[in-house]
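Chemist: Mind looking over this structure? Questions follow.
2 protein chains.
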Amino acid sequence: MSTATVSRVLNNPNLVKPETRERVLAVVGRHEYVPNSLARGLMTKQSKTIGVLIISISNSYYMEITEIIQRRLREAGFMMLLAATDDSADLERRYIREFASRRADGIIVIDASDENFSDGFFAKESAKRPFVLVHSNPAISASGIGQVFVDQRLGMRRVMEYLEGLGHRDVAFLRGEKGFSFDIKEAAWAEWRAERSREVRPDLVLRVADGNSEDAIPLADAAVGAAIREGRLPSAIFACNDLMARGAVNAATRAGLRIPEDLSVVGHDNTILAVSGRVQLTSVDLKMRDIGAESARLLLAALSGSSAGRRSARIEPELAVRDSAGPAAAADSRVRGGSA
Amino acid sequence: MSTATVSRVLNNPNLVKPETRERVLAVVGRHEYVPNSLARGLMTKQSKTIGVLIISISNSYYMEITEIIQRRLREAGFMMLLAATDDSADLERRYIREFASRRADGIIVIDASDENFSDGFFAKESAKRPFVLVHSNPAISASGIGQVFVDQRLGMRRVMEYLEGLGHRDVAFLRGEKGFSFDIKEAAWAEWRAERSREVRPDLVLRVADGNSEDAIPLADAAVGAAIREGRLPSAIFACNDLMARGAVNAATRAGLRIPEDLSVVGHDNTILAVSGRVQLTSVDLKMRDIGAESARLLLAALSGSSAGRRSARIEPELAVRDSAGPAAAADSRVRGGSA
DNA sequence: GCTCCTTATGTAAGCGCTTACATTCTGGGC
DNA sequence: GCCCAGAATGTAAGCGCTTACATAAGGAGC
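Protein sequence lines correspond, in order, to chains A and B.
In terms of my numbering, the first sequence is residues 15 to 354.
In terms of my numbering, the second sequence is residues 15 to 354.
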């Protein structure tokens, strides 16, 4: 019995006579033969492996995306190589090279670094193999790279529209010190004000040193607490993520403000934190599952070579409306100490 | 210039004359040559890849473990293949085969299925390549398999000790309907009572249908709310995870009980939920980072062939003491309507 | 029974590397 | 100038597969 026959049994069973097939299968089963994918990949030039790059593994946002990606990949017979870049453009590059070296059939980069986009690195990689970028950067969205564009500007406008509808003219903006995701949201927030000829008041922007870790909760708590004491908080506040939104709620509650009667709070990301407390947070839902599903879909489509179909997708965030935001009417007078 | 020389430049630079080395490196750089790890792995019999198996990706518990594992693997020059089993023993097996086929140099299985342990599958796999199991199952801990044993029984005893010290004689037990992690905690809880000749009262055990998803919060809320109304809640309650603990806190607060004055609550897992609300939860810390670090350490040690050193580790959970549990004295009279 | 076509199996090349072994350089000692 | 050890490089085999091509084995048709 030649190795070729065995190979055929495993890959094209219909090419071999049923009885021979049985015989081979029997031996294979008895000896617990495990094919060597490395050798197979060397011949077939595909590894049935996809590389996925995220910024941090212990971040529910990325994990929700990754979970659905992994599920889709499994269904399509692929395995997932996962790595975290810690937001380092250098590590991002190194990992992409590593994926390439392992002959990953495709690569998904979630929240890719600006640097590697602007110097053309992504464009070059994108030409070599199926490649999908998940991001919120309008600059990238204009490029020809396969991508899932998360329209955060739209998300922000939906928040502002909603609050405006509730009568809130001024909305404080709570963000972490640095991070692209904070910048892009603040830009949309400022744009909204500018469009309505409202001064883009810097005093409305509250900043905490670290907006992404657990510490963001107490930090936001402190920042908002101070703003309340100093009477410079308007009737509503938007927080760039649910961590900070929780901190804001805690501060307000401690200060004796009721939510949403005295202060409206809107969070972002719609994580478990939004529904964990007594007051359920109204929060922007980035549709993580859709993001994951779309990136997997785009990659798989590119992989199957069906050059038909879109090479990119756009995700529209939605506002998950809950209890933490309400009409502005009563609020103004309370928060500002009845000066209205 | 022969391929052998190139190979040497890349793997044993000192074997080749500096100037040749330079020449090779120059060409390599110019042509953006990316070595083929598949071919390399075929020769060297190692893929520099580790397979990691968890139950669910979008679960902060597993992700915290995975994050540190990935970091350690990177430092040691390995990449991580990650897959989720959805708690299916069959998928678990299939993925392990898949890892084997891809010639993963080692495998880590987190919260492995009972089934694949008891039928000897893990033992067999463990013999083939470095293999580490992370679990809380005393049965496995007695086996010779490389492992990180998380002593949940000890964690429970620390909770009970702590509450006993605060004067709580009876502690309600809040769990999800099914799951090994719930069972093992309940067993330790019952054991504690039995040791003190206290009846293992079934009415002290509250069950919610789904203890692990987001729904656990409102479900726990409802269950605890009912128990409060029916006056069958003792002065303290332990929840098998922070989700349910949050639900308990919400229910108690709504019912007008103060925490911890009127009711003591202890959670489990010490996740972000524990510190997200106004009342900070006392919660069992399973030392996720230690678990991840230990599993990576054990695997890497096995990989480097240093047969010295332990083949297993034991993790001792600790109680992260915060504000949600306090002395029982006042509580008894309030919760039970002053019948004491 | 012979040809011819189809179907089933075997043969061997080659995927891109590493590495044992063979060969060629190089230069110090005489 | 010659010898020889050691360093530098080349040669070629082989890792475990897949697959084009060659060969063998069945029938069907006459």
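Every residue, glycine too, gets a C-beta built ideally from N, C-alpha and C.
1) Can you confirm whether the segment 118–129 of chain B touches the segment 92–107 of chain B when touching is taken to mean that 3 or more C-beta pairs between the two stretches lie within less than 8 Å?
2) Please report whether the beta-carbon of Ser211 of chain B lies at a distance below 8 Å from any beta-carbon of chain A.
3) Where does Glu191 of chain B fall in DSSP's three states?
4) Quick check on this structure: which residue in A:Asn226, A:Glu209, A:Ala265, A:Asn255 has the alpha carbon closest to the alpha carbon of Asp299 of chain A?
5) Comparing the C-beta of Pro49 of chain A with each C-beta of chain B, is any distance below 8 Å?
6) Quick one: using the 10 Å Cβ neighbour count with 16 as the cut-off for buried, is Ala339 of chain B buried or exposed?
7) Could you tell me whether any Cβ in chain B is nearer than 8 Å to the Cβ of Val164 of chain A?
8) Taking buried to mean at least 16 other C-beta atoms within 10 Å of its own C-beta, is Thr58 of chain A buried or exposed?
9) Go ahead and pull the three-state DSSP assignment for His182 of chain B.
10) Where does Gln294 of chain B fall in DSSP's three states?
11) By the criterion of Cβ-Cβ separation under 8 Å, what are the contact partners of Ala97 of chain B in chain A?
12) What in chain B is Cβ-close to Ala56 of chain A, meaning under 7 Å?
13) Note down the Cα distance separating Glu46 of chain B from Glu308 of chain B, rounded to an integer number of angstroms.
14) With distances taken between CB atoms, is the gap from Arg268 of chain B to Arg221 of chain A smaller than 8 Å?
15) For Gly351 of chain A, which residues of its own chain have a beta-carbon under 7 Å away from its beta-carbon, when the five flanking residues on both sides are left out?
16) May I ask you to list the residues that DSSP assigns as paired with Ser326 of chain A?
17) With burial defined as no fewer than 16 other Cβ atoms inside 10 Å of the residue's Cβ, what is the status of Met15 of chain B: buried or exposed?
18) Among the residues of its own chain, which have a CB less than 6 Å from the CB of Ala310 of chain B, if the five just before and after it don't count?
19) Contact criterion: CB-CB distance below 8 Å. Does Val279 of chain A meet it with respect to chain B?
20) In terms of residues, what are the limits of the beta strand (DSSP E) holding Glu332 of chain B?
21) Check the C-beta distance from Val20 of chain B over to Ala114 of chain A and give it rounded, since I have them as a contact under 8 Å.
22) Taking Glu332 of chain A as the reference, which of A:Lys301, A:Val42, A:Ala265 has the closest Cα?
23) Spell out whether any CB of chain B is found under 8 Å from the CB atom of Val289 of chain A.
24) With distances taken from CA atoms, which of A:Asn26, A:Asp217, A:Gly261 is nearest Phe187 of chain A?
25) Of all the residues that make up the segment 263–274 of chain B, which are near chain A by a beta-carbon distance shorter than 9 Å?
26) Determine whether the Cβ of Ala114 of chain A lies closer than 8 Å to any Cβ atom of chain B.
27) Can you name the start and end residues of the alpha helix (DSSP H) that Leu87 of chain A belongs to?
28) Which residues in chain A have a C-beta closer than 8 Å to the C-beta of Thr296 of chain B? List them in chain order.
29) Using 8 Å as the limit for Cβ to Cβ distance, is Ser74 of chain B near chain A?
30) How is the alpha helix (DSSP H) around Ile242 of chain A delimited, first residue to last?
31) May I ask which residues mark the beginning and end of the beta strand (DSSP E) holding Val280 of chain A?
32) Going by CA-CA distance only, name the one from A:Leu168, A:Val335, A:Asp283 that's closest to Arg357 of chain A.
33) Could you give the residue range of the alpha helix (DSSP H) that holds Phe136 of chain A?
34) Go ahead and pull the three-state DSSP assignment for Asp128 of chain B.
35) Would you tell me roughly how many angstroms separate the C-alpha atoms of Arg325 of chain B and Ser157 of chain B, rounded to the nearest one?
36) For Met258 of chain A, decide whether its Cβ has a neighbour in chain B, counting only Cβ atoms nearer than 8 Å.
Modeler: The structure says:
1) Because the criterion of three Cβ pairs below 8 Å is met, the segment 92–107 of chain B and the segment 118–129 of chain B touch.
2) For the purposes of this step, residue 211 of chain B is identified with residue 197 of the second sequence, where counting begins at 1. The Cβ of Ser211 of chain B sits no closer than 8 Å to any Cβ of chain A.
3) One-based indexing of the second sequence puts residue 191 of chain B at position 177. When DSSP states are grouped into helix, strand and coil, Glu191 of chain B belongs to the coil group.
4) Reading the first sequence from its first residue, position 285 is the one you call residue 299 of chain A. Check the Cα spacing between Asp299 of chain A and each of A:Asn226, A:Glu209, A:Ala265, A:Asn255: the tightest is with A:Asn255.
5) Looking up residue 49 of chain A in the first sequence gives position 35. It does; some Cβ of chain B falls within 8 Å.
6) Start at 1 with the first residue of the second sequence, and residue 339 of chain B comes out as number 325. Taking all protein chains shown into account, Ala339 of chain B has 16 or more neighbouring C-beta atoms within 10 Å of its C-beta and is therefore buried.
7) Taking the first residue of the first sequence as position 1, residue 164 of chain A is located at position 150. Not an interface residue.
8) Counting from one through the first sequence, the residue named residue 58 of chain A turns up at place 44. With fewer than 16 other Cβ atoms within 10 Å, it is exposed.
9) By one-based count along the second sequence, residue 182 of chain B stands at place 168. In this structure, His182 of chain B counts as coil in the three-state DSSP scheme.
10) Position 280 of the second sequence, counted from the start, is the residue given in the question as residue 294 of chain B. In the displayed model, Gln294 of chain B falls within coil according to three-state DSSP, outside both helix and strand.
11) Looking up residue 97 of chain B in the second sequence gives position 83. By Cβ distance, chain A contributes Gln84, Arg88, Met93, Met94.
12) One-based indexing of the first sequence puts residue 56 of chain A at position 42. Residue identity check: residue 56 of chain A is Leu in the sequence provided, not Ala. Ordered by position in chain B, the residues that pass the 7 Å Cβ test against Leu56 of chain A are Leu52, Ala53, Leu56.
13) Taking the second sequence and counting its residues from 1, the one referred to as residue 46 of chain B is at position 32. Taking the second sequence and counting its residues from 1, the one referred to as residue 308 of chain B is at position 294. The straight-line gap from Cα to Cα measures roughly 38 Å.
14) As a working note, residue 268 of chain B is residue 254 in the second sequence. As a working note, residue 221 of chain A is residue 207 in the first sequence. No, they are not a contact pair.
15) As a position in the first sequence, residue 351 of chain A is number 337, starting the count at 1. Bear in mind that the predicted position of Gly351 of chain A carries a pLDDT of just 47, short of 50, making it too unreliable to give a figure here.
16) The residue given as residue 326 of chain A occupies position 312 in the first sequence. The beta-bridge partner set that DSSP reports for Ser326 of chain A consists of A:Gln161.
17) Counting from 1 along the second sequence, the entry for residue 15 of chain B is found at position 1. With fewer than 16 other beta carbons inside 10 angstroms of its own, Met15 of chain B counts as exposed.
18) Counting from 1 along the second sequence, the entry for residue 310 of chain B is found at position 296. For Ala310 of chain B, where only same-chain residues beyond five positions count, the Cβ hits under 6 Å are Ile83, Arg86.
19) The count along the first sequence starts at 1 and reaches residue 279 of chain A at position 265. No, Val279 of chain A lies away from the interface with chain B (no Cβ there is under 8 Å from its Cβ).
20) Stepping through the second sequence from its first residue, residue 332 of chain B is reached at position 318. Per DSSP, Glu332 of chain B belongs to the beta strand (DSSP E) from 332–334.
21) The residue you call residue 20 of chain B lines up with position 6 of the second sequence. The residue you call residue 114 of chain A lines up with position 100 of the first sequence. That belief does not hold up - the Cβ atoms of Val20 of chain B and Ala114 of chain A are roughly 18 Å apart, past 8 Å.
22) Here residue 332 of chain A corresponds to residue number 318 of the first sequence, with the count starting at 1. Each of A:Lys301, A:Val42, A:Ala265 was checked against the Cα of Glu332 of chain A, and the nearest Cα belongs to A:Lys301.
23) By one-based count along the first sequence, residue 289 of chain A stands at place 275. Judged by the 8 Å Cβ criterion, Val289 of chain A is in contact with chain B.
24) For the purposes of this step, residue 187 of chain A is taken as residue 173 along the first sequence, with counting starting at 1. Out of A:Asn26, A:Asp217, A:Gly261, A:Asp217 has the C-alpha closest to the C-alpha of Phe187 of chain A.
25) Along the segment 263–274 of chain B, going in chain order, the ones with a CB nearer than 9 Å to a CB of chain A are Val263, Asn264, Thr267, Arg268.
26) In the first sequence, counting from the first residue as 1, residue 114 of chain A sits at position 100. Closer than 8 Å to some Cβ of chain B, the Cβ of Ala114 of chain A qualifies, so yes.
27) For the purposes of this step, residue 87 of chain A is taken as the residue at position 73 of the first sequence. That run of the alpha helix (DSSP H) goes 74–89.
28) Start at 1 with the first residue of the second sequence, and residue 296 of chain B comes out as number 282. Residues of chain A passing the Cβ test: none, with the nearest at roughly 16 Å.
29) In the second sequence, residue 74 of chain B corresponds to position 60, counting from 1. By this cut-off, Ser74 of chain B is an interface position.
30) For the purposes of this step, residue 242 of chain A is taken as the residue at position 228 of the first sequence. Counting along the chain, the unbroken alpha helix (DSSP H) around Ile242 of chain A starts and ends at 230–243.
31) In the first sequence, residue 280 of chain A corresponds to position 266, counting from 1. 278–282 is the extent of the beta strand (DSSP E) around Val280 of chain A.
32) The structure shown has nothing for residue 357 of chain A, since chain A only spans 15 to 354.
33) Translated into the one-based positions of the first sequence, residue 136 of chain A becomes position 122. 135–142 is the span of the alpha helix (DSSP H), which, as asked, contains Phe136 of chain A.
34) As a working note, residue 128 of chain B is residue 114 in the second sequence. DSSP places Asp128 of chain B in helix when its eight states are reduced to three.
35) Here residue 325 of chain B is taken as the residue at index 311 of the second sequence, counted from 1. Here residue 157 of chain B is taken as the residue at index 143 of the second sequence, counted from 1. Taking the CA atoms as reference points, Arg325 of chain B sits about 11 Å from Ser157 of chain B.
36) In the first sequence, residue 258 of chain A corresponds to position 244, counting from 1. Under the 8 Å criterion on CB atoms, Met258 of chain A is classed as non-interfacial with respect to chain B.
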